[in-house]
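*Asks:* Got a structure for you, questions after.
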Amino acid sequence: MTVEWAWISDHAGDLTTLTLSHLQAALTAVLLGLLISLPLAVLAHRVRPLRGFLLGLSNVLFTIPSIAVFVLLLPVSGLTRTTTVIGLTVYTLVVLLRNTVEGLDSVPAKAREAAVAMGTRPLRTLLTVELPLALPVIMAGVRIATVMSISLVSVATYIGDGGLGQLFTDGFQRDFPTPVAAGIVLTLLLALVADALLVAVQYVLTPWTRDRHRRPGQQRRTRGRA
Amino acid sequence: MIRFDAVNKRFPNGTTAVHDLTLEMPEGGVTVLVGSSGCGKTTTLRMINRMVEPTSGTIRLGGKDVLTQDAADLRRGIGYVIQQSGLFPHRTVLDNIATVPLLLGWGRRKARTRAAELLETVGLTAEAGRRYPHQLSGGQQQRVGVARALAADPPVLLMDEPFGAVDPVVRTQLQDELLRLQKDLNKTIVFVTHDIDEAVRLGDRIAVFRTGGHLVQCAAPAELLARPADGFVAGFLGAERELKLLSLTTLAEVPVERARVVREGEAPPRAGDGGPCLVVSARNEPLGWLDPEPGAPEVPSPVRPLRDTDSLLAALNESIASPTGLIVRVDAEGALTGVTARETIHEHAGRRHQEAARAARKAQEAREGNGRQDQGEETREGGEGPEAREHREAGSRKSADAVPPSPAAPAASAPGTSTPKTPGGAG
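Sequences listed follow chains Y and F, in order.
As numbered in the numbering used here, residues 60 to 285 make up the first sequence, in order.
As numbered in the numbering used here, residues 5 to 431 make up the second sequence, in order.
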């Protein structure tokens, strides 16, 4: 299998457009997924009986084959970007919902109790204490959902969308491996860069989780030197 | 003042956490709730700021029923300190302390200024304010917890085993610090602990709870130690109860005798001339005992001089360790005032104990009326027949009534200070 570099430089513009379109579909899905799963996760966390139901439902949605989802959506939203985004969003829910619920579970009971005991009202407790403390676990979910969505976008090629996925069909139909290779490499790069950016975002948002490994004894020595 | 009136708390699973509690927690005083785990002391505390709602009965804070107030507003006016501090891991120490001022809408700048002030109050550096809680030691975290509770200057502080998770040395420091703060701040403090020594050390009044949420006795530490209401309380106070009572009395009234003194650098006394001498420095500070007898060590054996503010228990302890049986006493500047013999301390301790018992009896009689029998006898019978239970409950209620100590009962009055609490009337 040989890669024709000339083809790549000839189609640089197309590749850029496809990459951006690919990224846009994936990111929109993750953002929508977050918007849907945050309130649902809070509900599942607060109301015990709902927890099993909501998590179970997200699991069931996840087991539906992706092509089937797109086919099912066709009568509703047609051969559009909307169909792609809805389909991808459904898949992000399973990770985002579960991680957000687990993130809320991971908030130290003492911190929540202290917030309430000092007179913080429920919404403010959620926004200023629980969600920030759940952030590391939620962000782990966001990272998985993002990488997963980026790889899944290609499936939407079947409904005429699919970003970089179009390179695969193109390559297969013409028995021409160069676009396929370019598509794989670009998808991988996209996933890696997106993940690295999310790690950076989390680093900035959670300053208290840095230097977790330091023990009090070690700190004291450091402080003494400073 | 906090007042519980016939308060019951039953949890949905059927357990009774607090049973018919009537109790007053005086303003500006430290009320300690003690008892083994599951006795309802923490539930009692948490009902004050409505973290737990009572099943029946009323709780009044400054005359107002807590249930009629908005829970969040009520809580902002009550400081709250919990075990392992319950600090917010994601906020810096300074922002942790500023929590309630921010909730009250002080604005970020004013809240931070106040927080910085409090850091100093609880003995932390400004540098610690920029750290995150996990970067501090357990003791430092507990200090931050106290600072956070004090931030909006609430009149009431609720402390739920705040020093339970730190080592004994740090715990003693934190207790001292709390007593020092309390001397200036005069907060109404409700303090939950299972450590009776901590209760005796900190409490102006101690309420002893028994499993099932029964209040057994509520009294000043000296009264409690001198006259426990029943076998349960006596058992809880432990075998060293009498010694604990001595920890509440200072050395001030114990007479001082002249000491045989030799100045540092001067010729040591000759052998056979009346036993060990106390070596003092040029500024009259005691350095140690020197025994002139042949064969005795030539360097003075060290002493730990005691001030008048030290407790009788410390004196007894020193007298055991002292080679001469004499304790060395100094004034506030550390200069020698004299010595006191082991026998004198022992005699004084015995007298002091009898006085405390007498005062406690008077205080109890004054409360219960002269016709009443020693209720301890009744309460000891733990039969679960309805009659026995009724009896006991009647007894608990009685002892729960916190009547302010009368002048006739000096042992019941205990000022909350860091020095041992000296009931008057010792001679």
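Built from N, CA and C at the ideal position, the CB exists for glycine as well.
So, are the CB atoms of F/Pro137 and F/Val148 less than 9 Å apart?
*Replies:* To locate residue 137 of chain F, count along the second sequence from 1; it is residue 133. To locate residue 148 of chain F, count along the second sequence from 1; it is residue 144. Yes, the Cβ-Cβ distance between F/Pro137 and F/Val148 is below 9 Å.
*Asks:* Can you list, in chain order, the stretches of the alpha helix (DSSP H) that have 4 or more residues and sit fully within the region 88 to 164 of chain F?
*Replies:* The qualifying runs are 97 to 101, 103 to 107, 112 to 125, 142 to 154.
*Asks:* Any beta carbon from chain Y within less than 9 Å of F/Ser41's own beta carbon?
*Replies:* Counting from one through the second sequence, the residue named residue 41 of chain F turns up at place 37. By this cut-off, F/Ser41 is not an interface position.
*Asks:* Grab the span of the beta strand (DSSP E) containing Y/Trp267 for me, first residue to last.
*Replies:* As a first step, residue 267 of chain Y is located in the first sequence; it is residue number 208 there, counting from the start. No beta strand (DSSP E) contains Y/Trp267, which DSSP labels as neither H nor E.
*Asks:* Chain F partners of Y/Pro108, CB-CB under 9 Å?
*Replies:* As a first step, residue 108 of chain Y is located in the first sequence; it is residue number 49 there, counting from the start. Residues of chain F passing the Cβ test: none, with the nearest at roughly 16 Å.
*Asks:* Identify each residue in the region 100 to 119 of chain F for which the Cβ-Cβ distance to at least one residue of chain Y is less than 8 Å, and report them in chain order.
*Replies:* Within the region 100 to 119 of chain F, the residues whose Cβ lies closer than 8 Å to some Cβ of chain Y are Thr103, Val104, Leu107, listed in chain order.
*Asks:* CA-CA distance, F/Arg333 and F/Ile200?
*Replies:* Here residue 333 of chain F refers to the residue found at position 329 when the second sequence is read from its first residue. Here residue 200 of chain F refers to the residue found at position 196 when the second sequence is read from its first residue. Each residue's Cα considered, the two are about 29 Å apart.
*Asks:* Can you tell me where the alpha helix (DSSP H) holding Y/Ser68 begins and where it ends?
*Replies:* Residue 68 of chain Y sits at position 9 when you count from the first residue of the first sequence. Here the alpha helix (DSSP H) through Y/Ser68 covers 64 to 69.
*Asks:* Measuring alpha carbon to alpha carbon, tell me which of F/Arg355, F/Val174, F/Leu282, F/Gly329 ends up nearest F/Thr341.
*Replies:* In the second sequence, the residue the question calls residue 341 of chain F occupies position 337. The shortest Cα separation from F/Thr341 among F/Arg355, F/Val174, F/Leu282, F/Gly329 belongs to F/Leu282.
*Asks:* Could you give the distance in angstroms between the alpha-carbon of F/Gly33 and the alpha-carbon of F/Ala224?
*Replies:* Reading the second sequence from its first residue, position 29 is the one you call residue 33 of chain F. Reading the second sequence from its first residue, position 220 is the one you call residue 224 of chain F. Roughly 11 Å separates the two Cα atoms.
*Asks:* Report all residues from its chain with a CB closer than 7 Å to the CB of F/Pro280; omit the five preceding and five following residues, and keep chain order.
*Replies:* Numbered from 1 along the second sequence, position 276 holds the residue referred to as residue 280 of chain F. So the qualifying residues of the chain are Trp293, Leu294, Asp295, Pro327, Thr328.
*Asks:* Would F/Pro309 pass as an interface residue toward chain Y - the criterion being a Cβ-Cβ separation below 9 Å?
*Replies:* Here the question's residue 309 of chain F lines up with position 305 in the second sequence. F/Pro309 does not count as touching chain Y.
*Asks:* F/Val194: which of F/Ala230, F/Ala153, F/Ala169 sits nearest, CA to CA?
*Replies:* Along the second sequence, one-based indexing puts residue 194 of chain F at 190. With distances taken between Cα atoms, F/Val194 lies closest to F/Ala153.
*Asks:* Quick one: using the 10 Å Cβ neighbour count with 16 as the cut-off for buried, is Y/Trp267 buried or exposed?
*Replies:* For the purposes of this step, residue 267 of chain Y is identified with residue 208 of the first sequence, where counting begins at 1. Buried.
*Asks:* Between F/His357 and the rest of its own chain, which residues show a CB-CB distance below 8 Å, the 5 nearest in sequence each way excluded?
*Replies:* Looking up residue 357 of chain F in the second sequence gives position 353. Here the set comprises Ala230, Glu246, Leu249, Leu250.
*Asks:* Residues of chain Y with a CB under 9 Å from the CB of F/Pro159: which are they?
*Replies:* For this step, residue 159 of chain F is matched to residue 155 along the second sequence. By Cβ distance, chain Y contributes nothing, its closest Cβ being about 15 Å from F/Pro159, past 9 Å.
*Asks:* Look at the alpha carbon of Y/Val62 and the alpha carbon of Y/Ala241, and state the distance between them as a whole number of angstroms.
*Replies:* Counting from one through the first sequence, the residue named residue 62 of chain Y turns up at place 3. Counting from one through the first sequence, the residue named residue 241 of chain Y turns up at place 182. Taking the straight line joining both Cα atoms gives about 9 Å.
*Asks:* With F/Glu28 as the anchor, note down where its alpha helix (DSSP H) starts and where it stops.
*Replies:* Here residue 28 of chain F refers to the residue found at position 24 of the second sequence. That residue, F/Glu28, is in no alpha helix (DSSP H); its beta strand (DSSP E) goes 20 to 29.
*Asks:* Report the rounded CA-to-CA distance for Y/Thr87 versus Y/Ala204, giving the unit in angstroms.
*Replies:* Within the first sequence, residue 87 of chain Y is the residue found at index 28, counting from 1. Within the first sequence, residue 204 of chain Y is the residue found at index 145, counting from 1. The alpha-carbon atoms of Y/Thr87 and Y/Ala204 are separated by roughly 11 Å.
*Asks:* Who are the near neighbours of Y/Leu138 in its chain, counting only those whose CB is closer than 8 Å to its CB and skipping five residues on each side?
*Replies:* On the first sequence, position 79 is the one that residue 138 of chain Y refers to. So the qualifying residues of the chain are Ile218, Gly219, Asp220.
*Asks:* Identify whether F/Ile52 lies in helix, strand or coil by the three-state DSSP scheme.
*Replies:* Along the second sequence, one-based indexing puts residue 52 of chain F at 48. Three-state DSSP puts F/Ile52 in a helix.
*Asks:* State the Cα-Cα distance for the pair F/Thr451 and Y/Met177, rounded to the nearest angstrom.
*Replies:* Because chain F spans 5 through 431 in this model, residue 451 of chain F falls outside it and cannot be assessed.
*Asks:* For F/Ala339 and F/Gln179, I'd like the C-alpha separation in whole angstroms.
*Replies:* Working through the second sequence from its first residue, we reach residue 339 of chain F at position 335. Working through the second sequence from its first residue, we reach residue 179 of chain F at position 175. Their backbone Cα atoms lie some 28 Å apart in a straight line.
*Asks:* Taking Cβ to Cβ, would you say F/Ile63 is nearer than 9 Å to F/Asp9?
*Replies:* Position 59 of the second sequence, counting from 1, holds the residue named residue 63 of chain F. Position 5 of the second sequence, counting from 1, holds the residue named residue 9 of chain F. Yes, these two residues count as a Cβ contact at 9 Å.
*Asks:* Alpha carbon to alpha carbon, how far is F/Arg274 from F/Glu297?
*Replies:* Sequence index remark: in the second sequence, residue 274 of chain F carries index 270 (1-based). Sequence index remark: in the second sequence, residue 297 of chain F carries index 293 (1-based). Spanning the two alpha carbons is a distance of roughly 8 Å.
*Asks:* Let me know the secondary structure DSSP gives F/Ala223 once reduced to three states.
*Replies:* Taking the second sequence and counting its residues from 1, the one referred to as residue 223 of chain F is at position 219. If DSSP states are grouped into helix, strand and coil, F/Ala223 belongs with the strands.
*Asks:* Any idea if Y/Val135 is buried or exposed, counting beta-carbon neighbours within 10 angstroms, 16 or more meaning buried?
*Replies:* Here the question's residue 135 of chain Y lines up with position 76 in the first sequence. By the 10 Å Cβ count, Y/Val135 comes out exposed.
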